[in-house]
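Scroll down for the structure; my scribbles are underneath it.
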Amino acid sequence: MPSINFKGKSLVQNYHLQVPFHELKPVKAKSLAKKVSLHDNLVVHGDNLKALKALLPYYHGKVKCIYIDPPYNTGNEKWVYNDNVNSPMMQEWLGKVVDREDLTRHDKWLCMMMPRLKLLREFLTDDGAIFISIDDNEVHWLRGLMDEVFGEQNFIASVIWQKVFSPKNTAKYFSEDHDFIVVYSRRLESWVPNLLKRSAEAEARYENPDNDERGPWSSSDLTARNYYSLGTYEVTSPSGKKFKPTMGTYWRVSPEKFKELDKENRIWWGNNKNNMPRLKRFLSEVKAGVVPQTLWLYQDVGHTQDAKRELLALIAFEKSEDVFTTLKPTGLIKRILNIATDQDSIVLDAFAGSGSSAQSVLQLNNEDGGNRKFILIESEDYADELTAERIRRVIKGVPKAKDETLRKGLGGSFSYIELGQPMQIESLLKGKKLPAYEDLAGYVFYTATGEDFNAKKINRKTGYIGESAKYDVYLYYEPELEYLKNTALTLDMARKLPKGSGKRRLVFAPTKYCDAVHLETERIDFCQLPFEIYKTAKPGKT
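Sequence positions in the sequence shown follow my numbering and run 1455 to 1996.
Printed below as a string of structure tokens:
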């Protein structure tokens, strides 16, 4: 299969594996929650590549819908390449604005996107999908990159969104009226889109001029251009007028089926009973909704000016014109959520910007009684003063808002999280940057098993941190140097270890005073902190 090639590709293909796990530090003062938790709605402030890696142990394979709005790489966005890849060429790229005159701007954009897409794929459920907003500057490169990371066979659609409501007469060549939304699934055979609610205009097409007891109906053509050997017969209307398909067309049904439909009053001959027959399709018998289409008009999902008005109705952010040139309306994101989520789905946005995704989730929950959860990641300094502040106001309400639901507030909560120090296992026993127990538990569990970590299962008294397909996993650790110097797995501790599910036990501890024979008798595999975790590491699920 053809593959995409670009400068730096060989250096970033596996860079996501080299990114260290970081502590996730809850910030109570910036949260809007009774209890700050990694299992709440989340706003994470920090580099999105590092944040994704840090969140992976908690949300691997659990996200139903990912929506991202990355830099379009127009040359005017002032985005900066920040991945500290160990390469002279890429070190030269670090910290520099990517402008339109940069001859390697497409390479830099692809190098930025590849590791993030590889991590994002690991978050998706098997029946999940990712939606990516993009424009003509990078859509062709994005499709090639997505084919490589997600698989060409998992491509779903390239949606066209009409982003403006009037043409730009100042355009030099063409008025640019649309963006793309590129859609890929985790596994296409598992992904099933939700039907969209039929519009009032579509509902109005169903009428009942003959007072049929089955209710409103619309008619459709009974002929088609596809050749059908039995589709050339003649039919007679109730008034005696005879009809055959026009030249080059054929009846869609056999003569027997036509007679059956006519007997059931499913053929419409017109008010005077002498028109070309059409098939009656009853509203009560059609699907509860309509299949999503790939053309989204601004009348249905909003346009960029709607997005700006929505933001300014909540918060007057002085930098918004400079920072957000690609704001998205909540109508657009809600369309995505309606297609791709259930009422209890997790939604992830790794380029959160102004927080439109969170507002869309909260609005949809308010409309249908759902319990969807959002995870937003924002790397810029406005993560608190704009991204999180918008969500606070949407939840609590804005007294001067014109919209009644926004005045009252949508309710809900979120926890504000900042990235802490990288968890450098090698420095644990030296007392440097000791991570919190839960952070290290998530790190060792996911790294050793490649499976989802659930912090709710932690039992600090016994050291139990979770169950994998092969092990019950235990961690003896406290972020205190004296504890680390004086704690070891002894024979007595090994014998008192809970039997759990009956599987072998995988125990992480600073050291052990127990020989291999006794460990085998107790069905224990021991991993010393900090060194031996890498010996048991398994690759993540694909």
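For every residue, glycine included, the Cβ atom is placed at its ideal position computed from N, Cα and C.
- One Cα belongs to T1841, the other to F1460, and the distance between them is close to 33 Å.
- Inter-residue distance for Y1681 and P1731 is about 19 Å (C-alpha atoms, whole angstroms).
- I1586 has its alpha-carbon roughly 14 Å from the corresponding atom of K1572.
- Apart from the 5 residues on each side of it in sequence, N1825 sits with its Cβ closer than 7 Å to the Cβ of Q1797, D1798, N1819 in its chain, given in chain order.
- If you look at R1559, you'll find it in the alpha helix (DSSP H) that goes 1559 to 1577.
- Looking at the DSSP output, Q1982 bridges to A1963.
- The residue among R1844, T1758, S1833 with its C-alpha nearest the C-alpha of S1620 is T1758.
- Note: S1639 is bridge-paired with A1583 in the DSSP secondary-structure output.
- Where W1595 is concerned, the enclosing alpha helix (DSSP H) starts and stops at 1593 to 1600.
- Of the candidates E1905, L1935, L1938, L1599, the residue whose Cα lies closest to the Cα of L1564 is L1599.
- For F1868 against S1485, the beta-carbon gap comes to about 7 Å, under 8 Å, which counts as contact.
- With a cutoff of 8 Å on beta-carbon distance, I1584 and I1520 are scored as near each other.
- A distance below 7 Å between beta-carbons, with the five flanking residues on each side excluded, links L1649 to the following residues of its chain, in chain order: K1741, A1742, G1743, V1744, V1745.
- Going by DSSP, Q1545 is part of no beta strand (DSSP E) but of the alpha helix (DSSP H) stretching over 1542 to 1547.
- Shown here for T1859: same chain residues with a beta carbon closer than 8 Å to its own, the five before and five after excluded, namely Q1817, N1820 in chain order.
- Take G1954, set aside five residues on each side of it, and the residues of its chain with a beta-carbon closer than 6 Å to its own are D1926, in chain order.
- Residue range 1671 to 1675 is occupied by the beta strand (DSSP E) that includes S1673.
- Secondary structure note for D1716: its alpha helix (DSSP H) is the uninterrupted segment 1709 to 1717.
- Between the alpha carbons of T1677 and L1557 lies a distance of about 55 Å.
- If you ignore the 5 residues before and after V1618, its C-beta comes within less than 6 Å of the C-beta of D1631, H1757, all in its own chain and listed in chain order.
- The beta carbon of E1667 lies closer than 7 Å to none in the same chain, with the five residues before and after it left out.
- Taking 8 Å as the cut-off, the beta carbon of L1548 is found no closer than this to the beta carbon of A1804.
- The Cβ atoms of A1909 and E1921 lie no closer than 8 Å to each other.
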